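Novice: Take this structure first; my questions come after.
Protein chains: 2
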Amino acid sequence: METRKALAKANLFSGLTELEIEQIEGIGIEKSYEKGELIFSDGEKAAGFFVNLSGQVKVYKLSADGREQILHIINPAEAFAEAALFTGSTFPAFAEPLTPSRLMYFPKDRFLGLIQANPQLSLNMIAGLSTLLRHFVDLVEDLSLKDVGARLSTYLLELASRSDRAQGEEGVFELEVTKTQLASRLGTISETLSRAFRRLQNDNMIRVEGRRITILNREALKEMASGWSS
Amino acid sequence: METRKALAKANLFSGLTELEIEQIEGIGIEKSYEKGELIFSDGEKAAGFFVNLSGQVKVYKLSADGREQILHIINPAEAFAEAALFTGSTFPAFAEPLTPSRLMYFPKDRFLGLIQANPQLSLNMIAGLSTLLRHFVDLVEDLSLKDVGARLSTYLLELASRSDRAQGEEGVFELEVTKTQLASRLGTISETLSRAFRRLQNDNMIRVEGRRITILNREALKEMASGWSS
DNA sequence: CGCCACATTGAAGGCAGTCAAAGGTGGTGG
DNA sequence: CCACCACCTTTGACTGCCTTCAATGTGGCG
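As they're listed, the protein sequences go chains A and B.
Mapping to my numbering: the first sequence position 124 is 124, numbers consecutive.
Mapping to my numbering: the second sequence position 137 is 137, numbers consecutive.
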């Protein structure tokens, strides 16, 4: 079945046998969400976590006056809100699909049973949380210690290296979200991001054609990313 | 022995038997650090992690031009750099004692053996990482969505509730670090923090006497913390 | 007593957010 | 097929919070 295959791709379940994955699928509940529908809210009681089967989900915080900070963009085969299993019992943020999405929901107590019975699953969990932690350290560094130009450069280089690894032309890739969403991910707003793109383009570091980005001068971009200005 | 008692207090080792803790102690190496000595550096090869036995340690990032963002202040019985066991193999930040400190160092490979053999230790690890994750989500929210006044208010309320739980007069407590370090923890600099303290004091929300803080108007402080200004 | 790190205050400048408006783009339904 | 509409993007002018720079104040400790 298709759901099984999607689950098997998740890092969280890597190294598990067919049988174990079948078990895991057994306790999950598949749900579909439309774009803009709310999956969960900041502070809401959390009784489980999710694995993304298809589509794209944003996890974000809101400020008092409505500005949004995206914490994480969840692609297929990735889990989210795993940490809610263990800390308090509320979600720490909002989650909402950016595209129509199919998710698998795992109720807390039934999943905890599986973890206890399955050491490999524990280790995967630890590895996943560690990776996430590293992601947040990077995010804190960006927000606190770099200006918008440096954050954007960092992000573009990261995306470029991921896309180079996958396939395709060196240094040409597509943004995975709209620029407005990207602004929110980088801790700024679309107007400011737009100006940052323009500056990088004027300095011949990149070419921007809609969502398609071409890196023209990787060295200069790296310098910019490391937080150098003047 | 005293080291054993300090280890036993760590959440990471809670629920373990005397024997297991003895085992764990067996693979650890005790080290002492002076104030200002570097424990590890951002990007340095990581072959293990630490538990703080006594003293106070800061974990921080540096910007290109030398500004510092404290990620975490480590108090006794807390572990740090645990995540380095599982992601890549470099430390993601700097660590340095704020006071003379005694640490226990656990080499990676030997500790991984223990985790695999001990399910309770895995679960503790997961719980610890989850808590840390929540901490970073809060930090991101602060840095991105709140101004300095709100961040300071949030921090003071958190500290007050921790100290209330411990003992002593309601709403009276001491800062655990210097104001300069606190500024770095809050993603700002001492001058700006000083002005924020002054504003809160002028508005009769708190009284500041050196490191001693008294909360005078908890409701107003909560309002401020939630990110309301004007 | 005097040093040194920490803390406070003032003045000035800059990065980024806000407000406003216009142009672009994709998708949906007629 | 096209026209409309919602949403995204860009540009300009302005404002404000926070950093920078500079100087003075203060407390602990050798």
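Glycine included, C-beta positions come from ideal geometry on N, C-alpha and C.
None of these values were measured; they are calculated from a predicted model.
What residues of chain A sit near L157/B, judged by a beta carbon separation below 8 Å?
Specialist: What L157/B touches in chain A: nothing, since even the nearest Cβ is about 15 Å away.
Novice: Would you decide whether E68/B is buried or exposed? Buried here means 16 or more other CB atoms lie within 10 Å of its CB.
Specialist: buried
Novice: Name, please, each residue of chain B whose Cβ falls closer than 9 Å to the Cβ of V140/A.
Specialist: By Cβ distance, chain B contributes K61, Q69, L71, F136, L139, V140, L143, G187.
Novice: Flag T87/B as yes when its Cβ comes closer than 6 Å to any non-hydrogen atom of the ligand COA, and as no otherwise.
Specialist: In the structure shown, the ligand COA is absent, as is every other ligand, since no ligand is present at all.
Novice: Straight-line CA distance for L175/A to A150/A?
Specialist: 17 Å
Novice: Output yes or no for whether 7 Å exceeds the beta carbon distance between E45/A and T90/A.
Specialist: Looking at the sequence shown, residue 45/A is not Glu but Lys. Closer than 7 Å, so yes.
Novice: DSSP three-state label for N246/A, please.
Specialist: Past the boundaries of the shown model lies residue 246/A; chain A is included only from 1 to 230, so the question cannot be answered.
Novice: Pick helix, strand or coil for K90/B, following the three-state DSSP scheme.
Specialist: Correcting the residue type first, residue 90/B is Thr in the shown sequence and not Lys. Of the three classes helix, strand and coil, the one that applies to T90/B here is strand, per DSSP.
Novice: Applying a beta-carbon distance threshold of less than 7 Å, which residues of chain B neighbour F86/A?
Specialist: I126, A127, S130
Novice: Could you tell me the alpha carbon to alpha carbon distance between R185/A and L71/A, rounded to whole angstroms?
Specialist: 7 Å
Novice: Please state if the CB of L85/B and the CB of F49/B are separated by a distance shorter than 7 Å.
Specialist: Going by C-beta atoms, F49/B is nearer than 7 Å to L85/B.
Novice: If you measure from the beta carbon of P100/B to each beta carbon in chain A, is any gap under 7 Å?
Specialist: For P100/B, no CB of chain A lies under 7 Å from its own CB, so it is not counted at the interface with that chain.
Novice: Between the Cα of Y60/B and those of D138/A, D164/A, V177/A, V172/A, spot the shortest distance and give me the residue it belongs to.
Specialist: D138/A
Novice: What's the gap between the Cα of G36/A and the Cα of L103/B?
Specialist: 48 Å
Novice: As a quick exercise: from N75/A, T87/A, L156/A, pick the residue whose alpha carbon is nearest that of E96/A.
Specialist: N75/A
Novice: Is there a C-beta anywhere in chain A that falls below 7 Å from the one on L133/B?
Specialist: Using a Cβ-Cβ cut-off of 7 Å, L133/B counts as an interface residue toward chain A, since at least one Cβ of chain A sits closer than that to its own.
Novice: Between the alpha carbons of D142/A and L19/B, how many angstroms are there, rounded?
Specialist: 44 Å
Novice: Does the beta carbon of P92/B sit closer than 7 Å to a beta carbon anywhere in chain A?
Specialist: yes
Novice: Below 9 Å on C-beta distance, what does S226/B contact in chain A?
Specialist: A64
Novice: Classify P253/B: buried if its beta carbon has 16 or more other beta carbons within 10 angstroms, exposed otherwise.
Specialist: With chain B represented from 1 up to 230, any question about residue 253/B goes unanswered, as that position is not in the structure.
Novice: Cβ of S122/B less than 7 Å from any chain A Cβ?
Specialist: yes
Novice: Does K108/A come out as helix, strand or coil in the three-state DSSP assignment?
Specialist: helix
Novice: Which value, in whole angstroms, describes the spacing of the CA atoms of I215/B and V140/B?
Specialist: In this model, I215/B and V140/B are separated by some 25 Å (Cα to Cα).
Novice: Which chain B residues are close to K146/A, counting only those with a beta carbon under 9 Å from its beta carbon?
Specialist: Listed along the chain, the chain B residues whose CB falls inside 9 Å of the CB of K146/A are S63, A64.
Novice: Could you check the C-alpha separation between L232/A and L62/B for me, to the nearest Å?
Specialist: Outside the displayed range of chain A (1 to 230) lies residue 232/A, so it cannot be described from this structure.
Novice: How many angstroms separate the CA atom of S230/B from the CA atom of S226/A?
Specialist: Here the model assigns S230/B a pLDDT of 48, short of 50, so the residue's position is not dependable, and the following value carries that caveat. Straight-line Cα distance between these residues: approximately 35 Å.
Novice: Which residues does DSSP list as the beta-bridge partners of A79/A?
Specialist: V51/A
Novice: Label L221/B either buried or exposed according to how many other C-beta atoms from any shown protein chain fall within 10 Å of its C-beta, with 16 as the threshold for buried.
Specialist: buried
Novice: Alpha carbon to alpha carbon, how far is R234/B from L152/B?
Specialist: For chain B, the structure presents residues 1 to 230; residue 234/B sits outside this window and is missing.
Novice: With Y33/A and S101/A assumed to form a contact (beta carbons below 8 Å), what rounded beta-carbon distance in angstroms separates them?
Specialist: 5 Å
Novice: Can you tell me whether E170/A is buried or exposed, with buried defined as 16 or more other CB within 10 angstroms of its CB?
Specialist: Exposed is the label assigned to E170/A, since fewer than 16 other Cβ atoms lie within 10 Å of its Cβ.
Novice: Report the rounded CA-to-CA distance for S122/A versus E191/A, giving the unit in angstroms.
Specialist: Each residue's alpha carbon lies about 43 Å from the other.
Novice: Spatial neighbours of E82/A within its chain, please: CB distance less than 6 Å, with the 5 preceding and 5 following residues excluded, ordered by chain position.
Specialist: F49
Novice: Do you know offhand how far G88/B's Cα is from I126/A's?
Specialist: Distance from the CA atom of G88/B to the CA atom of I126/A, rounded to whole angstroms, is 13 Å.
Novice: From V237/B to E30/B, what distance separates their C-alpha atoms?
Specialist: Any question about residue 237/B goes unanswered here, given that chain B covers just 1 to 230.
Novice: Which residue's Cα is closest to the Cα of R212/B: I189/B, R218/B, A183/B, L159/B?
Specialist: Of the candidates I189/B, R218/B, A183/B, L159/B, L159/B places its Cα closest to the Cα of R212/B.
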